[in-house]
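All residue numbers for the sequence shown refer to the numbering used here, where the first residue is 8 and numbers rise by one.
Beta carbons are placed, not taken as given, at the ideal position from N, Cα and C, and that holds for glycine.
Only a predicted model underlies this, so the values are computations on that prediction, with no experimental measurement involved.
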Amino acid sequence: MTLEQFTKDEGQVARRYEYGDETVLAVDFGAEHASASVDTVDGTVIVVVDDDQYEFELPVGADDAHTFIKNGVLTVEVEGDL
């Protein structure tokens with residue numbers, strides 16, 4: 008998973024955390040984007056914020072991924088041997 012695509016032009020704060028066999032990616036799009044949506048389709052995470060769409064592939068070895076957006080903060084939790 009790459010954080011650069013979220014922080015280059017938009018100014019979002021993005022972080023990646025490692026917890027044993029779990030990786031968490033968090034991107035703050037801001038409270039004004041609370042209606043943003045996220046979905047996972049065939050190993051691809053798709054995020055829609057206003058008129059912008061971001062897509063990225065889950066890493067090889069990802070067994071399970073949980074994605075959600077709350078108050079404009081995207082969270083992707085990935086389990087597995089990355």
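Leaving out five residues on either side along the sequence, give the residues of the same chain with a beta carbon under 6 angstroms from the beta carbon of Thr82.
The residue labelled residue 82 in the question sits at position 75 within the sequence shown. Result list for Thr82: Ala33, Phe75, in chain order.
Other residues of its chain near Glu84: CB distance less than 6 angstroms, five sequence neighbours each side excluded
For the purposes of this step, residue 84 is identified with residue 77 of the sequence shown, where counting begins at 1. Counting only Cβ-Cβ distances below 6 angstroms, and skipping sequence neighbours, we find Val31, His73.
Secondary structure of Ala69, DSSP reduced to three states
The sequence position of residue 69 within the sequence shown is 62, counting from 1. Three-state DSSP puts Ala69 in a strand.
Secondary structure of Ala21, DSSP reduced to three states
Counting from 1 along the sequence shown, the entry for residue 21 is found at position 14. For Ala21, the secondary structure class from DSSP, reduced to helix, strand or coil, is strand.
Can the beta-carbon of Glu86 be found less than 8 angstroms from the beta-carbon of Glu29?
Counted from its first residue, the sequence shown places residue 86 at position 79. Counted from its first residue, the sequence shown places residue 29 at position 22. Contact: yes.
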